[in-house]
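Step one of this worksheet: look at the structure below.
Numbering (the working numbering), first residue to last: 327 to 759.
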């Protein structure tokens, strides 16, 4: 049975994954804080992306560019002119909506009024601010709506200092900001979010093959971390959907509770960005091929995923409910590399003779894994709590431990148990994590 958005939102709040931002003041729409478990899950998703896109490759390097960039960057990229959504306002209730997201273009989804919308107008999604003490056009800057432009304006710096030859990529993980007209679906569409983007530079004639390679590679990444293939699909953009810079784009979509929606986009951005920034800045950003003795603008293939959106999808995909001995068991069957805590240490009793070996074991394992020592309630309830937050293994220290110096390790998904010597717990877990 598909999980509801309400179930995921309740779990996220009650177990410390996601909180409403400014909640004690009534909350701010479309802004969320990641709690103790959420920050670990989000970090693990970003780490796995970085591992696959940078660490395990010899043709991709990293970058962390500034959130504030010169206004000219966004003029050259086209964002200041065309990074817009079509906005209408209901004359009856004064609510505003994106035209392309309305189920019925003639009926207000808020108040039900018909034929009450204003004419559509272009609404720029970039947040505006000013640098320095004077708020005028000379000091106008934008919070970046994507991380990609920071890579393009550093193309020559990175290529030169990292001594890179085509084809090569530059990857970045960081915050982006979009003043969405109608944010919603919990953390799916927010005004502040994190992106995981990589720009892969190649020769123009190689771009079609690289595009297909990255579509396949990125799809396999989700499957490799346990996401159900039934909940993923690859959807090519129609010609009228393409961004102003794109020759071709596909979306990797996920079956969210409200339907199929974008998880990641892979685009062939051609040479648009490097050419635009060269012309606007006067700096030659062409690549010089020594063997061919020619200069040209590389084409760019861009896999761009939302870190927060991807984390949300993994949370949904791993959630399931089952009945065990007449009781409901909620389980997050997260891939072990994504799980916030890899292991929980559970002393069977609060007596000192069990607490001491449990804490000794926790001290040893903390050097290698994020973990929790859980002392409260019955062992059964503690198992259920760890299942619900996705912990792959629970280690129970019991009174037999005092005799045989061994512990019981329980597997989250199968609920099977193994008796393992305390001296071998790290090795046992390391093979499985």
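By construction, the Cβ of each residue, glycine as well, lies at the ideal position given by its N, Cα and C atoms. These figures come from a predicted structure and were not determined experimentally.
In this structure residue 668 is buried. Its beta-carbon is surrounded by 16 or more other beta-carbon atoms within 10 angstroms.
Residue 561 and residue 576 do touch by the CB rule: their CB atoms are close to 6 angstroms apart, below 8 angstroms. Boundaries around residue 574 are those of the beta strand (DSSP E), 574-582, since no alpha helix (DSSP H) includes it.
When DSSP states are grouped into helix, strand and coil, residue 594 belongs to the strand group.
Counting only runs of 3 or more residues that sit fully inside the stretch 492-567, the beta strand (DSSP E) segments are 494-503, 518-528, 558-562, in chain order. Excluding five sequence positions before and after residue 705, the CB atoms of its chain that fall closer than 7 angstroms to its own CB belong to 672, 674, 722, given in chain order.
In the displayed model, residue 351 falls within a helix according to three-state DSSP.
Taking 7 angstroms as the cut-off, the beta carbon of residue 612 is found no closer than this to the beta carbon of residue 598. For residue 671, the enclosing beta strand (DSSP E) has its first and last residue at 669-673.
Residue 465 sits close to residue 457, with the two beta carbons spaced by under 7 angstroms. As computed with DSSP, residue 410 is found in a beta bridge with 450. Between residue 593 and the set 618, 509, 565, 332, the nearest pair of CA atoms involves 565. Per DSSP, reduced to three states, the secondary structure at residue 627 is strand. Below 8 angstroms, enough C-beta pairs join the stretch 420-440 and the stretch 491-508 to call them touching: three or more. In chain order, 452, 471 place their CB closer than 7 angstroms to the CB of residue 405, counting only its own chain and leaving out the 5 sequence neighbours on each side. Membership of residue 679 in the alpha helix (DSSP H) is indicated by the continuous run 678-691. For residue 728, the enclosing alpha helix (DSSP H) covers residues 727-730. Only residues of its own chain outside the window of five on either side were considered, and among them 432 have a CB closer than 7 angstroms to the CB of residue 441, listed in chain order. Residue 371 is not a Cβ neighbour of residue 717, given a cutoff of 7 angstroms. Under the three-state reduction of DSSP output, residue 702 falls in the coil class, being neither helix nor strand. Looking at the DSSP output, residue 358 shares a beta bridge with 346.
Sixteen is the threshold: when 16 or more other Cβ atoms of the shown chains lie within 10 Å of the Cβ of residue 629, as they do, the residue is buried. The three-state secondary structure of residue 612, taken from DSSP, is coil. Here the C-alpha atom of residue 366 lies approximately 22 angstroms from the C-alpha atom of residue 511.
Going by beta carbons, residue 701 and residue 677 fall outside the 7 angstroms limit. As a beta-bridge residue in DSSP terms, residue 455 pairs with 467. Residue 344 and residue 616 have their alpha carbons spaced roughly 51 angstroms apart.
Going by beta carbons, residue 368 and residue 358 fall outside the 7 angstroms limit. With fewer than 16 other beta carbons inside 10 angstroms of its own, residue 350 counts as exposed. Here DSSP, grouped into helix, strand and coil, assigns residue 649 to strand. In this structure residue 408 is not in contact with residue 496, their Cβ atoms being roughly 24 angstroms apart against a cut-off of 8 angstroms. Under the three-state reduction of DSSP, residue 428 is assigned to coil, being neither helix nor strand.
Cα atoms of residue 438 and residue 502: separation of roughly 34 angstroms, rounded to the nearest angstrom. Using a 10 angstroms sphere on the CB of residue 727, the tally of other CB atoms reaches 16 or more, which defines it as buried. Note on geometry: alpha-carbon atoms of residue 660 and residue 713 lie some 10 angstroms from one another. For residue 530, the number of other beta carbons within 10 angstroms of its own is below 16, and it is reported as exposed.
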